[in-house]
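Each residue of the sequence shown is one higher than the one before, counting from 1 in UniProt numbering. For every residue, glycine included, the Cβ atom is placed at its ideal position computed from N, Cα and C. Each remark here refers to the structure printed beneath this line.
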Amino acid sequence: MRLAYELGFANSCLFTRDHVTFVSLDGISFARPVPIGSLLRLTSYIVHSASSENYPALVHVWVHADVVDLETGTEQRTNDFRFTWGRENGPPLKRMVVPKTYGEAMQWLEGRRALEMGSEIRKLRRRS
Numbered sequence: 001m002r003l004a005y006e007l008g009f010a011n012s013c014l015f016t017r018d019h020v021t022f023v024s025l026d027g028i029s030f031a032r033p034v035p036i037g038s039l040l041r042l043t044s045y046i047v048h049s050a051s052s053e054n055y056p057a058l059v060h061v062w063v064h065a066d067v068v069d070l071e072t073g074t075e076q077r078t079n080d081f082r083f084t085w086g087r088e089n090g091p092p093l094k095r096m097v098v099p100k101t102y103g104e105a106m107q108w109l110e111g112r113r114a115l116e117m118g119s120e121i122r123k124l125r126r127r128s
């Protein structure tokens, strides 16, 4: 889990070209157990980016964890992590995610929904 967090952070920093801070953990799915001593392949994707009044740059990141079978080279998905990272200062984000395929468009839409839901939750917390 720590490695997924660090990969998501690194990918967000590279995308925004600046230091980002953790905003939220939007979801974790555990598809299957990871045996001790297994080789993991972690893959990170920026699925959506936006700007808001409190965060000039918001980035929604998915990290997939796959166990690699060393004998056959096959991979099995074990976990999915969804993080939101933000930058509190500076100019609005100039780069944006543009999906190219139907699958990427569905991920983009889920990322947008996660950012919108997180924004609404943060507004409610500020009021109380």
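Endpoints, the beta strand (DSSP E) within which residue i is located
i	result
residue 190	No answer is possible for residue 190: the residues shown for the chain start at 1 and end at 128.
G86	75–87
Test item: CB-CB of residue i and residue j under 9 Å
i	j	result
T84	A65	no
A50	L115	yes
T21	R87	yes
Counted within 10 angstroms of its Cβ, other Cβ atoms place residue i as buried (16 or more) or exposed
i	result
D69	exposed
L76	Looking at the sequence shown, residue 76 is not Leu but Gln. Q76 should be labelled exposed.
L39	exposed
V10	Reading the sequence as shown, one finds Ala at residue 10 and not Val. It is exposed - the Cβ of A10 has fewer than 16 other Cβ atoms within 10 Å.
I36	exposed
G118	buried
V98	exposed
H60	buried
Residue span of the alpha helix (DSSP H) that contains residue i, given as start and end
i	result
W4	The sequence shown places Ala at residue 4, rather than the Trp named in the question. Unbroken alpha helix (DSSP H) run through A4: 2–16.
Reference residue i; option with closest CA among the options
i	options	result
G27	F81, G8, M96	F81
residue 129	L109, M106, W108, Y55	The displayed coordinates of the chain run from 1 to 128. Any statement about residue 129 would go beyond what the structure contains.
S12	V63, R41, Q107	V63
residue 150	L42, H19, E104, L14	For residue 150 there is no data in the structure shown, the boundaries of the chain being 1 and 128.
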